[in-house]
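Some notes on the structure that comes next.
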Amino acid sequence: MGDIDNSIKMSVKWNGKEYELPELAQSDSVAMLKVAIENATGVRPERQKLLNVKFQGKVANDNYTLSELNLKQNLKIMMMGSLEEAIEGAMSKPDIGEEVVNDLDIEEEEIDVENQEIYLAKINKRVKDYKIKVLNEPRPNKKLLVLDIDYTLFDHRSVAETGFELMRPFLHEFLTSAYKDYDIVIWSATGMKWIEEKMKLLGVSVHPEYKIMFYLDYLAMITVHTPKYGTIDVKPLGVIWGKYPQYSSKNTIMLDDIRRNFIMNPKSGLKIRAFRQAHLNRDKDEELLHLITYLKDIATFCDDFDTLNHKKWEKYRPPRKSKHASKRKAEDNSDSSGAAAN
Ligand SMILES: [Mg+2]
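In the UniProt record's numbering, the protein residues as written are 1 to 342.
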């Protein structure tokens, strides 16, 4: 498939100025193009009107791939759209297609087998071309934790004064604990500028108790086609594994509130409950507190994460030395105070 390797270089003209865009693949989606434009101009995707990006004469929706639109090399995209306040924009910036996808979250993976090779080629291309800015070097014998941002670590849509108010409860405790066993990567379907801004506002980027290995943005994602949901952008862990062979499905776990994001690695993903309406739920949300225990337990007791079923993470109990272990496990029903094991 020559298609995959065909990249397309474009610029966008807006408010009398021209902005260069990063090279995109013909197989990337319109959603990714819009994030690229946002990263260059600050105009949010839902506010962008791309006058000459069309499919059969009509406005192209996010789920088309660029190749379907027959865009010309070096196209100058004409855009109309309005800017929002920088900070407010950063904090309330939704992931690609997030608002739509939440309603049709994918329960089971349905990647076309016939397309697997195309996706592997795309992943290889990301491994080759995507430049990772390493903030902190990987450490020997650590496992890998990959985290989404929006609705996973904080509520990006609620009205609040500060990053602190939007932050998911126990965020720093969670990262502090996880850092002991895992190298931590943050992967968001937004532009790098926004990721850096958010992590600064949340106090994650300079925390004394833990360090982030690196951030990944939308450009590390790939566009895939599913029979049921059409064209979607996903986060394939193979991009990281290809660059860092010490990590694999055996020692990697990814947390995201949208299951389709780990459709390429369904067994490595844990779908975290979305954290919304921060102002109402700040006192109630204990998801990260419970996940502290789970991540600690599996890091301690499990040599091969492929053997785990993250869909049942709340039911997981580490093996005990006691001979009554299995019995106790069976009896253990709704005991959610297990978070104390740490
Ligand atoms: Mg999210």
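We put the beta carbon where it would ideally sit given N, CA and C, even for glycine.
query: Which residues in the same chain have their Cβ closer than 7 Å to the Cβ of Asp217, if we skip the five residues on either side of it in sequence?
result: Ser188, Thr190, Gly191, Met192, Ile195
message: Would the region 258 to 269 count as touching the region 289 to 297 if we require 3 or more Cβ pairs under 8 Å?
response: no
task: Give the straight-line distance between the Cα atoms of Val204 and Met167, rounded to the nearest whole angstrom.
output: The alpha-carbon of Val204 is positioned some 10 Å away from that of Met167.
- prompt: Applying the criterion that 16 or more other CB atoms from any shown protein chain within 10 Å of the CB defines a buried residue, is His310 buried or exposed?
  reply: buried
message: Classify residue 365: buried if its beta carbon has 16 or more other beta carbons within 10 angstroms, exposed otherwise.
response: Given that the chain is displayed from residue 1 to residue 342, the structure contains no residue 365 and the question cannot be resolved.
query: How long is the line joining the alpha carbons of Gly238 and Gln116, rounded to whole angstroms?
result: 13 Å
query: Who are the near neighbours of Tyr179 in its chain, counting only those whose CB is closer than 6 Å to its CB and skipping five residues on each side?
result: Tyr210
message: Which of the three DSSP states is assigned to Met199 in this structure?
response: Three-state DSSP puts Met199 in a helix.
- prompt: By DSSP, does Leu75 sit in helix, in strand, or in coil?
  reply: strand
query: Cβ-heavy atom distance between Ile195 and ligand 1 below 8 Å?
result: no
- request: Would you tell me roughly how many angstroms separate the C-alpha atoms of Ile258 and Ile272, rounded to the nearest one?
  value: 8 Å
- prompt: Taking the Cβ atom as the reference point for each residue, do Leu202 and Phe154 lie within a distance shorter than 9 Å?
  reply: Yes, they are a contact pair.
- request: Please go through the same chain and pick out, in chain order, the residues whose beta-carbon is closer than 8 Å to the beta-carbon of Phe301, but skip the five residues on each side of it.
  value: Pro318, Pro319
field: Contact with chain D by Lys54, beta-carbon distance below 9 Å
entry: No chain D appears in this structure, which consists of one protein chain only.
message: Just verifying my parser: in three-state terms, what is the DSSP assignment at Val234?
response: Reduced to three states, the DSSP call for Val234 is strand.
query: Is Asn102 helix, strand or coil when you go by DSSP?
result: Any reading at Asn102 must be qualified, since the residue scores a pLDDT of 43, below 50, and its modelled position is unreliable; the value itself is stated next. It is helical.
field: Closest by C-alpha distance to Lys267, when choosing among Phe275, Arg276, Ile253, Ala274
entry: Ile253
- prompt: Should Pro245 go down as buried or exposed, given a rule of 16 or more other Cβ atoms within 10 Å for buried?
  reply: exposed
message: Between the alpha carbons of Tyr151 and Phe174, how many angstroms are there, rounded?
response: Straight-line measurement puts the Cα of Phe174 at about 15 Å from the Cα of Tyr151.
message: Assuming Val127 and Met213 are in contact, meaning their beta carbons sit under 8 Å apart, how far apart are those beta carbons, in whole angstroms?
response: Rounded, the Cβ-Cβ distance is 16 Å, inconsistent with contact.
message: According to DSSP, Ser7 sits in a beta bridge with which residue or residues?
response: In the DSSP output, where bridge partners are listed per residue, Ser7 has Ala25.
query: Apart from the five residues on each side of it in sequence, which residues of its chain come closer than 6 Å, Cβ to Cβ, to Glu23?
result: Ser7, Lys9
message: Taking the alpha helix (DSSP H) that Thr176 belongs to, which residues open and close that run?
response: 171 to 179
- request: Consider the C-beta atom of Ala274 and the heavy atoms of ligand 1; say whether any pair is separated by less than 8 Å.
  value: Because some heavy atom of ligand 1 lies under 8 Å away, the Cβ of Ala274 counts as near it: yes.
Beta-carbon contacts of Asn39 that lie in its chain and below 6 Å, excluding the five residues immediately before and after: The answer, listed in chain order, is Gly191, Lys193.
query: Just the Cα atoms here: how many angstroms apart are Thr41 and Ile240?
result: 28 Å
Pairwise C-alpha distance: Leu120 and Tyr294: 31 Å
field: Local conformation of Val43 per DSSP, three classes
entry: coil
- prompt: Quick one: what does DSSP say Asp62 is sitting in, helix, strand or coil?
  reply: Coil.
- prompt: For Leu147, which residues of its own chain have a beta-carbon under 6 Å away from its beta-carbon, when the five flanking residues on both sides are left out?
  reply: Cβ within range, chain order: Ile186, Leu255.
message: Just to check my reading of the structure: Ile37 and Leu21 have Cβ atoms closer than 8 Å, yes? What is that Cβ distance to the nearest angstrom?
response: 7 Å
message: Quick check on the DSSP output: the alpha helix (DSSP H) that includes residue 353 runs from which residue to which?
response: It is not possible to answer for residue 353, since the shown part of the chain is limited to 1 through 342.
query: For ligand 1, any of its heavy atoms closer than 8 Å to the Cβ of Ile186?
result: The answer is no for Ile186.
message: Out of Leu270, Phe275, Glu197, Ser249, which one is the CA nearest neighbour of Tyr316?
response: Leu270
- request: Please name the residue in Ser67, His172, Glu46, Arg47 whose C-alpha comes closest to that of Gln56.
  value: Of Ser67, His172, Glu46, Arg47, the residue nearest in Cα terms is Ser67.
task: State buried or exposed for Val206, treating a residue as buried only when at least 16 other CB atoms are found within 10 Å of its CB.
output: exposed
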